[in-house]
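In what follows, a structure is listed as structure tokens, so that the remarks can point back to it.
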Amino acid sequence: MSRFTGEMLSRAEELVSLYPDPRSATIPLCHLAQEQDGYVTNEAMAHIAELVGSSAAEVQGTASFYDMLKLEPVGRYVIGVCTNIACMLRGAYELLEDAEGVLDVPVGATTADGLFTLEEVECIAHCDRAPAAQVNYRYFGPLDRESFETLVTQLRNGDLDDEVPPHGTLLRVRREAPAVIPMEEIDRYRAQEAEREKASD
Amino acid sequence: MPDELVAVTVDNHSFQVRKGVKIIDALDDIGVHVPRFCYHPRMTAVGMCRMCLVEVKGPRGPSLQPSCFMDVADGMEIFTESDAVKKAQHGVLEFLLANHPLDCPVCDKGGECPLQDQAFAHGSGETRFVEEKRHYAKPIPISRLIKLDRERCIQCDRCTRFADEIAGEPLIDFAGRGSTLRISTFSNVDFDSYFSGNVAQICPVGALTATPYRFKARPWDLLQSSSTCMKCDMGCQVSLQSSQNELTRMLGIDSDTINHGWLCDRGRFSTSEVNNVDDRVLRPRLRNQDSVVEVSWTKALRVAAASIKQAIDERGASSVAFLSGASMTLEDTYAFAKLASDVVRTNAADGAADVRVDGTLLLANPASINEALTAKTLVLFNVDPKNELPVMHLRLRAAIHSGLRVVEVNTTPTDLTPIVDRWVVIQPEDLAKTVDEAVAAVGDDRDGVVIMAGCRDRAVAASLNTALVAEMLYRFPQAKVLSGVARGTNALAVGFTPNAPQGIRSTDGVAPAVNADAILAGALRGEIAVLVLLDTDLVRLGLTEEDLVAFDHGTTVIALNTFESLTTRHAHVVLPLSAYGEQQGSTLNIEWRHLRLGRQVEPVAQARPAWMVATELASGLGDELGFLTLADIMRDLSQSGGLLAGLSYHYFADSLDGPLFPRTRTEPAQVRRVLDPMATPGIASIDRQGANFSAGNVIEPAEALGFGVNTGVAPKALQSPSVAKREGAVALDPLSEGEYWLHLVPRLYDPTPELMANPFLKAAVREPVLSLTAAQAESLGLVDGDRCRLVGASAVDVLVQLVKDDALALTVQGVTPATLRLIGDQSWVKVRVEKSNG
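Keeping their order, the protein sequence lines are chains A and B.
Counting from 1, position 88 in the first sequence corresponds to residue 88 in our numbering; the numbering is continuous, with no gaps.
Counting from 1, position 324 in the second sequence corresponds to residue 1324 in our numbering; the numbering is continuous, with no gaps.
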């Protein structure tokens, strides 16, 4: 399940067809791969290279640029604890230590059951609820050791499944490529605009 | 047409510079050096390193601008030495050195390193950094040939740009971002490119190093001379470097007419095979039945001459045959051509066994490489530049991307096919239609067509290939021709092959009339009494070991070889030849340009240049060739008329490429070759620019193209592309049931004795594969990775590889002794495919 197959493959092909230059689909395809496997696998990158007509090294170069594209396996839930100034003043470092304690992994690591990956992140614009954390980019706060433990338990029990989908899931509204506007129509519009401008002068 | 000029001021002095160039180029032109790392004159500027900042005056006063990224404009005021520029240079260098290790004493680049040099010249002289530097695992082998040391990398983008832009194989790219930005291959995919050595050549620090050269020598100990790569007839200009009488490396010289500084790995790393004495022929030896004895040169030559003499006396001169398919120097080739025609007087001589197209067509109206690349339309006919003339592939890619219109006519696609303008497949069923299609693809604009004609597909017989090329030339009578044949220019030029145009060399001797195939066939029938081989492995010409053993009865094989092979093992007289870099001389490339060969090391053991052997053999036969030095050969050759009239070493000016032949051809005045140590570290000072030819020939070269030395006979008018040779519509016998047309195409790393002697390249040799489409494979009951048996002239087992491209159907990639045996005497080889028993 690393190359795109079945429905994923048709979605991938659809993404490629959205752009005049197939290479433009590289990043959307990386997201798609992440939705499929939770992270961007090497096999997926090789497949993306085939789909967009570049080399795997180039896809890797692009994917490795972005922090939100994971090139190594991560947990079902990626927990990012913010340690920027607002959260820090409200005890973010303590929260981070607590999180390490609760999950029993250091920052950057994934729990043995493959459920949680703990990260330290920069400001996530949730300062009004500092100290804040994000789980798969869904925000929670203010947190202390107790509420963090509750959060982890809820995630583990699946109580938050509706709210927090597995890492990589895309919830963007999918849309069709817009209809191509004929050049004549654009010319006509421009002519009208020009006339209107002339009239207003 | 002179370039348009604009007026600029540089550091308050006025200059006229070419319009439309980058500031850094204009500054180079007027001799103002701006430090740089990422800028390379043969690649797109990216403005990555910021080392070339200069101040340019604008409406809001002077501001710092990257000079590699801004065009010159009329009235521009540029400051290269202002305080702001100096401060910027200090800052950039401090930034680059923040993470650069201080391991210059053990770094291969130390001593020729642009970073080291420019840090001394433009840095602030001291560091403020006390922090720990970045650390990476190192060195990382990104291929068999290249090692990566990430700590030294300054992220200039040169190697990645080369891989993407020049080679078109982006197998390395930046990964990560910010302080973790690094060069990376993908997962377990090696940087497996024919051109990988170039990234080590252009790396401005020691981050990319070539495995064969690592820790071999220090730059200041290297001796170097300018030379020409001999691995194919492209004629790439190189700086050949040695240390302690051992070749260490080759670097590409930026020759505007030929290689633009690039080399392929086959050529670049060929020094390793010369150094591998274990696989070299070291001493003359004789073999009688099973006993092999090493003997003196005198004895070996006496035996060789005696057997030739005996054969001439007893069975006539044409029972002595000369055969070669190798790239020999011009002098060596001529010496043997003269030995064969004037002394032995045999018509069985072919020094260009690999040329399977009539040389008359190649020589009648020759185009230079630059003419071909600036033609209105270039037709590639049965040639695969990437595998046969690799650097031509790079030149073609660049030309196509800047607008060259290319019509590719081939039996199977090449790596250029995706980017050429039109692709025409040579269809064996309907050859007339193929030519019509090619003509239609060129279009109505018939002027300015250049045809690059080769003989890539070995399944197409020489006669058929010639007929097709002749037909193309009949349709385009004005077209110029560039040879696309990988090996054999020297033999064609001196008439050492039946393929050469009639009368290309005036001689009273016997002209070659029996070609390599006929010679071998005759030898197998026992009609050849003495077979003289020049650096040739008969197995590479389609013979089996049994055939070689059979020569014990009646055919004396005299093998002059550089490397050991099956042929040398079975030959009766083996004579060691000096290798590339061990002898002086000159050579001609595919555009018939005369190029020098430098001598950097002593010949190993008792090896000698072939021309010396030829003179000795001549005197052993009681005659003489009339030359004792290279200069004698040159004089002789220049007076032999034909193509090479006016040939001389005189015009090997230090900084120019040699001239085109025949000398009636004109070309725009050459620009002087600039050895740019920032573009190619390590070629700053070639002490001995030219081959060091014997005294008496040293005449100051005239200005640029004024090679006013007129020696010898005026060039004869060579035959025009012989319309008379046109054979009209060529048609092949149709296939019978179960037969297929075969395609047999070479790869760069097809096994040869030289390649197998190269410790760094022999691992690149792959077994031949047969490409099949899924449909074909299914009908034959085969799957990917199977082995199947091809039955042509003989049966051969090959590996099956499935492909999607229909045009690749039934193509055998890899010309090896085994696959060559599929070829019979058909015009186009037909094969049957059977399931392999094994």
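Note that beta-carbon positions come from the ideal geometry of N, C-alpha and C, so glycine has one too.
Taking the C-alpha atoms as reference points, what is the distance between B/F1627 and B/I1258?
Counting from 1 along the second sequence, the entry for residue 1627 of chain B is found at position 627. Counting from 1 along the second sequence, the entry for residue 1258 of chain B is found at position 258. Taking the CA atoms as reference points, B/F1627 sits about 31 angstroms from B/I1258.
If contacts are defined as beta-carbon pairs under 8 angstroms, then B/G1267 and B/G1261 qualify, I think. What distance do you get, rounded to the angstrom?
Mapped onto the second sequence, residue 1267 of chain B falls at position 267. Mapped onto the second sequence, residue 1261 of chain B falls at position 261. At roughly 13 angstroms, the Cβ-Cβ gap does not stay under 8 angstroms, so B/G1267 and B/G1261 are not in contact.
Are the C-beta atoms of A/G61 and some chain B residue less than 9 angstroms apart?
Taking the first sequence and counting its residues from 1, one reaches residue 61 of chain A at position 61. Yes, its Cβ sits closer than 9 angstroms to a Cβ of chain B.
Span separating the alpha-carbon of B/G1178 from that of B/G1443:
Stepping through the second sequence from its first residue, residue 1178 of chain B is reached at position 178. Stepping through the second sequence from its first residue, residue 1443 of chain B is reached at position 443. So the two alpha carbons sit approximately 51 angstroms from each other.
Closer than 7 angstroms by beta-carbon distance: list the chain A residues that pair up with B/R1177, in chain order.
Along the second sequence, one-based indexing puts residue 1177 of chain B at 177. Near B/R1177 (Cβ distances below 7 angstroms), the residues of chain A are F65.
Residue of B/D1190, B/I1504 and B/T1127 minimising C-alpha distance to B/I1146
To locate residue 1146 of chain B, count along the second sequence from 1; it is residue 146. Checked all of B/D1190, B/I1504 and B/T1127; the closest Cα to B/I1146 is B/D1190.
A/S55 versus chain B: which residues are under 8 angstroms apart at the beta carbon?
If you number the first sequence from 1, residue 55 of chain A lands on position 55. Ordered by position in chain B, the residues that pass the 8 angstroms Cβ test against A/S55 are E1169, P1170, L1171, D1173 and F1186.
Counting only the same chain and skipping the five closest in sequence on each side, list residues whose C-beta sits under 8 angstroms from that of B/D1750.
Locating residue 1750 of chain B in the second sequence gives position 750, where the first residue counts as 1. Short of 8 angstroms from the beta carbon of B/D1750, and not among the five residues preceding or following it, lie these beta carbons of its own chain, in chain order: V1765, G1814, V1815 and T1816.
Using a Cβ cut-off of 9 angstroms, pull out every chain B residue sitting near A/N42, in sequence order please.
By one-based count along the first sequence, residue 42 of chain A stands at place 42. Correct list: F1186, S1187 and N1188.
Distance, Cα to Cα, B/S1827 vs B/Q1237?
The residue labelled residue 1827 of chain B in the question sits at position 827 within the second sequence. The residue labelled residue 1237 of chain B in the question sits at position 237 within the second sequence. CA-to-CA, the gap between B/S1827 and B/Q1237 works out to about 37 angstroms.
CA nearest to the CA of A/L170, picked from A/T26, A/R3 and A/H31
Residue mapping note: residue 170 of chain A aligns to position 170 of the first sequence, counting from 1. A/L170 has its Cα closest to that of A/H31, out of A/T26, A/R3 and A/H31.
C-beta neighbour in chain B for A/E120, strict 9 angstroms
Here residue 120 of chain A refers to the residue found at position 120 of the first sequence. Chain B contact via Cβ: absent.
Do we get a CB-CB distance below 9 angstroms when we pair A/A33 with the residues of chain B?
Residue mapping note: residue 33 of chain A aligns to position 33 of the first sequence, counting from 1. Chain B, which has no Cβ nearer than 9 angstroms to the Cβ of A/A33, makes this no.
Check whether the Cβ atoms of B/P1041 and B/D1657 lie closer than 9 angstroms to each other.
Along the second sequence, one-based indexing puts residue 1041 of chain B at 41. Along the second sequence, one-based indexing puts residue 1657 of chain B at 657. No; because the gap between Cβ atoms is not below 9 angstroms, this pair is not in contact.
Cβ-based neighbour list, B/V1549, same chain, cut-off 8 angstroms, excluding 5 preceding and 5 following
Against the second sequence, residue 1549 of chain B aligns to sequence position 549. Around B/V1549: H1570.
For the region 1365–1413 of chain B, list the alpha helix (DSSP H) runs that are entirely contained and at least 4 residues long, ordered along the chain.
Here the runs fully enclosed are 1369–1373, 1385–1388 and 1390–1401.
Quick check: the region 1590–1598 of chain B against the region 1610–1626 of chain B, are there 3 or more CB pairs under 8 angstroms?
As far as the Cβ criterion goes, the region 1590–1598 of chain B does not touch the region 1610–1626 of chain B, which means the pair count is below three.
For A/M68, would you say it is in contact with chain B, using Cβ-to-Cβ distances shorter than 9 angstroms as the test?
For the purposes of this step, residue 68 of chain A is taken as the residue at position 68 of the first sequence. Chain B contact via Cβ: absent.
Less than 9 angstroms between CB atoms is the rule here; does B/P1701 satisfy it with respect to chain A?
The count along the second sequence starts at 1 and reaches residue 1701 of chain B at position 701. A caution first: B/P1701 carries a pLDDT of 35, below 50, which makes its placement in the model unreliable, though a value can still be read off. No, B/P1701 lies away from the interface with chain A (no Cβ there is under 9 angstroms from its Cβ).
Between B/L1644 and B/S1368, which are expected to be in contact by the criterion C-beta below 8 angstroms, what is the C-beta distance as a whole number of angstroms?
Translated into the one-based positions of the second sequence, residue 1644 of chain B becomes position 644. Translated into the one-based positions of the second sequence, residue 1368 of chain B becomes position 368. Not confirmed; about 16 angstroms, so no contact.
Name the chain B residues whose beta carbon is nearer than 7 angstroms to that of A/E240?
It is not possible to answer for residue 240 of chain A, since the shown part of chain A is limited to 1 through 201.
Check B/D1797 in the structure and name its three-state DSSP category.
Walking along the second sequence from the start, residue 1797 of chain B turns up at place 797. If DSSP states are grouped into helix, strand and coil, B/D1797 belongs with the strands.
Would you say B/D1157 faces chain A, with C-beta separation under 9 angstroms as the test?
Here residue 1157 of chain B refers to the residue found at position 157 when the second sequence is read from its first residue. For B/D1157, no CB of chain A lies under 9 angstroms from its own CB, so it is not counted at the interface with that chain.
On a CA-only basis, which of B/L1053, B/S1648 and B/P1105 is nearest B/D1083? Give me that one, please.
In the second sequence, residue 1083 of chain B corresponds to position 83, counting from 1. Per the Cα distances, B/L1053.
Let's test the definition: count the other Cβ atoms within 10 Å of the Cβ of B/K1804 and tell me whether it reaches 16, buried, or not, exposed.
Reading the second sequence from its first residue, position 804 is the one you call residue 1804 of chain B. Exposed, because fewer than 16 other Cβ atoms sit within 10 Å of the Cβ of B/K1804.
Compute the distance between the beta-carbons of B/N1490 and B/T1333, then report whether it is under 9 angstroms.
Locating residue 1490 of chain B in the second sequence gives position 490, counting from the first residue. Locating residue 1333 of chain B in the second sequence gives position 333, counting from the first residue. Pairing B/N1490 with B/T1333 gives a Cβ-Cβ distance under 9 angstroms.
Alpha-carbon spacing of B/A1007 relative to B/V1021, whole angstroms:
Stepping through the second sequence from its first residue, residue 1007 of chain B is reached at position 7. Stepping through the second sequence from its first residue, residue 1021 of chain B is reached at position 21. So the two alpha carbons sit approximately 13 angstroms from each other.
Identify every run of the alpha helix (DSSP H) within the region 1628–1673 of chain B, keeping only runs that are complete inside it and at least 4 residues long; order them along the chain.
For secondary structure counted as the alpha helix (DSSP H) over 4 or more consecutive residues, the region 1628–1673 of chain B holds these complete runs in sequence order: 1630–1638.
Own chain, CB closer than 8 angstroms to B/A1607, minus 5 neighbours either side, in chain order
Stepping through the second sequence from its first residue, residue 1607 of chain B is reached at position 607. R1280, V1281, L1282, T1562, P1576, L1577, S1578, A1579 and E1582.
Given that a residue counts as buried once 16 or more other Cβ atoms are within 10 Å of its Cβ, and exposed if not, what is B/N1012?
The count along the second sequence starts at 1 and reaches residue 1012 of chain B at position 12. With fewer than 16 other Cβ atoms within 10 Å, it is exposed.
Whose C-alpha, out of B/P1035, B/D1025, B/V1010 and B/A1809, is nearest the C-alpha of B/V1425?
Along the second sequence, read from residue 1 onward, the residue named residue 1425 of chain B stands at position 425. That would be B/A1809, whose Cα lies nearest to the Cα of B/V1425.
C-beta atoms of A/S2 and A/E43 nearer than 9 angstroms:
What you label residue 2 of chain A is simply residue 2 of the first sequence in a count that begins at 1. What you label residue 43 of chain A is simply residue 43 of the first sequence in a count that begins at 1. The answer is yes: Cβ separation under 9 angstroms.
Pair within 9 angstroms by beta-carbon distance, B/R1152 and B/G1206:
As a working mapping, residue 1152 of chain B is identified with position 152 in the second sequence. As a working mapping, residue 1206 of chain B is identified with position 206 in the second sequence. Taking 9 angstroms as the Cβ cut-off, B/R1152 and B/G1206 qualify as a contacting pair.
Just checking: is the beta-carbon of B/D1164 within a distance shorter than 9 angstroms of some beta-carbon in chain A?
For this step, residue 1164 of chain B is matched to residue 164 along the second sequence. True, the Cβ-Cβ gap to chain A drops below 9 angstroms.
Taking 9 angstroms as the threshold (C-beta atoms), are B/V1449 and B/A1470 in contact?
Start at 1 with the first residue of the second sequence, and residue 1470 of chain B comes out as number 470. Start at 1 with the first residue of the second sequence, and residue 1449 of chain B comes out as number 449. Not closer than 9 angstroms, so no.
Tell me, please, whether the region 1621–1636 of chain B touches the region 1321–1335 of chain B by the rule of three or more beta-carbon pairs shorter than 8 angstroms.
Flag = yes, the region 1621–1636 of chain B and the region 1321–1335 of chain B touch.
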